Every structure is written in structure tokens, then in C-alpha cells.
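A.B. asks:
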Amino acid sequence: MREQDMDQVMIKGFIIGNVLDLVRGTMSASDFADLEEELGLSYKTLKLAYFKDYPVEIQLRAEEKVAQILWQRSDDGAFYKFARLNFEAFAKTAIGRTALALVGKDPKRLVKASIRLMSTVMKGMKVEVEDRGEDSISFRFRNNPYRPLGWQGVIDAVLESAGVTPEVKIVKHGPTDTEYLVTWS
20 MREQDMDQVM IKGFIIGNVL DLVRGTMSAS DFADLEEELG LSYKTLKLAY
70 FKDYPVEIQL RAEEKVAQIL WQRSDDGAFY KFARLNFEAF AKTAIGRTAL
120 ALVGKDPKRL VKASIRLMST VMKGMKVEVE DRGEDSISFR FRNNPYRPLG
170 WQGVIDAVLE SAGVTPEVKI VKHGPTDTEY LVTWS
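Each residue of the sequence shown is one higher than the one before, starting from 20 at the first, in this note's numbering.
1) Does M137 come out as helix, strand or coil in the three-state DSSP assignment?
2) Can you check which of these residues, F98, V130, D150, D94, is closest to G172 by C-alpha distance?
3) From G36, K191, V28, pick the residue whose C-alpha is nearest to that of N105; which is it?
4) Per DSSP, which residues does G189 bridge with? Please list them.
5) Please check the pair I134 and F158, which I expect to be a contact at CB under 8 Å, by giving their CB distance rounded to whole angstroms.
6) Look at the alpha carbon of E22 and the alpha carbon of L79, and state the distance between them as a whole number of angstroms.
7) Spatial neighbours of G59 within its chain, please: C-beta separation below 8 Å, excluding the five flanking residues on both sides.
8) Can you list, in chain order, the residues of its chain with a C-beta nearer than 8 Å to that of M46? Leave out the 5 residues immediately preceding and following it.
9) Classify P167 as helix, strand or coil using the three-state DSSP reduction.
10) Measure the beta-carbon distance from W170 to V183 and round it to whole angstroms, keeping in mind my assumption that it falls under 8 Å.
11) Give a yes or no on contact between the stretch 176 to 191 and the stretch 123 to 138, applying the rule of three or more CB pairs nearer than 8 Å.
12) Using CA atoms only, rank isn't needed, just tell me which of I30, M137, T139, I174 is closest to I156.
13) My parser needs the beta strand (DSSP E) runs of 3 or more residues fully inside the stretch 64 to 112; what are they?
14) Please state if the CB of Y73 and the CB of I114 are separated by a distance shorter than 8 Å.
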């Protein structure tokens with residue numbers, strides 16, 4: 020996939036809905052309506068079209084706005100925290116609890132399954148997984164529109180939920196080509 024194909028990355032509506040759920044109850048109805056207008060979408064429509072594909076740019080704008088609301092900033096550190104929150108919120112849903120229970124607590128199986136599961140709700144982004152030993156794995160994301168620390172936040176949260184301490188090294192191969200070398204103890 021070429022770098023300029025970024026506009027072809029699509030994400031399921033429920034992911035965007037989950038982003039908005041993080042602030043929906045903390046905002047007035049008119050402030051939330053303003054947020055919907057800024058993003059050019061309707062929360063109600065998102066909830067009714069859970070599995071409809073949307074351009075990933077909508078999610079990225081929503082995450083930036085929500086990070087500003089939650090932490091008054093939208094830097095890499097905020098996106099790391101945001102990604103952790105997203106995984107923790109997913110893990111509490113019925114689908115998340117079921118998926119995680121089926122995988123079990125083995126760190127490698129859990130992180131592989133979580134990354135693969137997340138990549139199934141996206142189109143246009145390629146994820147390569149390489150087993151690097153008993154306590155090591157790498158993920159390479161091509162045509163990746165996300166900030167590098169976002170995926171690290173997901174990886175850290177997943178592995179910590181398995182009771183291990185992760186160490187992640189990020190290798191940028193290009194503007195939208197990122198590899199994560201992951202070990203844990």
C-alpha cells in the first residue's frame with residue numbers, strides 16, 4: 020500500500036462512538052452537540068450504524084477533541100493515555116470480556132489476539148506480526164494513521180492486563196510505517 024493511500028483507511032463506527040462515550044456524560048447536551056457538529060457526525064447515527072465504515076480521519080479528529088476535553092492537551096502523551104483508556108473500556112464491554120476470556124491470560128496470545136482484533140475493525144491498514152521468542156513479539160503497521168504512542172498505549176494496557184511488565188521499542192520505517200518490538204517480564 021502506498022503512503023498516499025491514507026485516505027482509504029476506514030474504521031467501524033462503534034470505535035468512534037466509544038471515543039465519544041469517554042466524554043459524553045461529562046458535557047452539557049449543547050456542548051456535546053457542538054462537538055458532533057465540529058466532527059460532522061451524529062452520535063445517535065453512530066450508535067445505529069455500529070458496523071458502518073467511516074474514514075479514520077473522523078476518529079483521529081474525535082480523539083484529538085476528546086483528549087483536549089479530558090487532559091487539556093492532545094500531544095503524544097495524551098494519545099498514549101487515550102489508547103490505554105480505549106482498551107480498558109473495550110475490556111469492560113460484553114464483547115471485550117468474551118473475547119479476552121476466550122484468549123486467556125497468556126501474554127503473547129493476548130497481545131496478538133488484541134492487535135488482530137483491533138485490526139479487523141479497520142480497512143486499509145496492514146498489520147504484520149512476527150514471533151521473536153518466548154517473551155518477545157513484533158508488530159509492524161503499514162499505512163498506519165495513528166500516532167506511534169497510541170499503539171504503544173494499547174500494547175502496554177493489554178500486557179499489563181495479563182500481569183506482566185511490557186517494554187516497547189518503536190521503530191519508524193516511514194511516516195505511516197511503524198514497528199513495535201515488544202518484550203515483557
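For glycine and all other residues, C-beta sits at the position ideal for the given N, C-alpha and C.
Since the structure is predicted, the reported quantities are computational estimates derived from the model, not experimental observations.
C.D. replies: Here's the rundown:
1) In the structure shown, M137 adopts helical secondary structure according to DSSP, grouped into three states.
2) F98
3) G36
4) Looking at the sequence provided, one finds Ile at residue 189 rather than Gly. According to DSSP, I189 bridges with Y199.
5) 6 Å
6) Residue confidence for E22 is low, a pLDDT of 43 falling below 50, so the modelled location carries little weight; the figure read from the coordinates is stated next. Using only the alpha carbons, I get a separation of about 17 Å.
7) Answer for G59: I77, listed in chain order.
8) L54, I88
9) Correct three-state label for P167: helix.
10) Wrong, their Cβ atoms sit about 18 Å apart, outside the cutoff.
11) Enough Cβ pairs lie closer than 8 Å, so yes.
12) I174
13) 72 to 74
14) The Cβ atoms of I114 and Y73 do not sit closer than 8 Å to each other.
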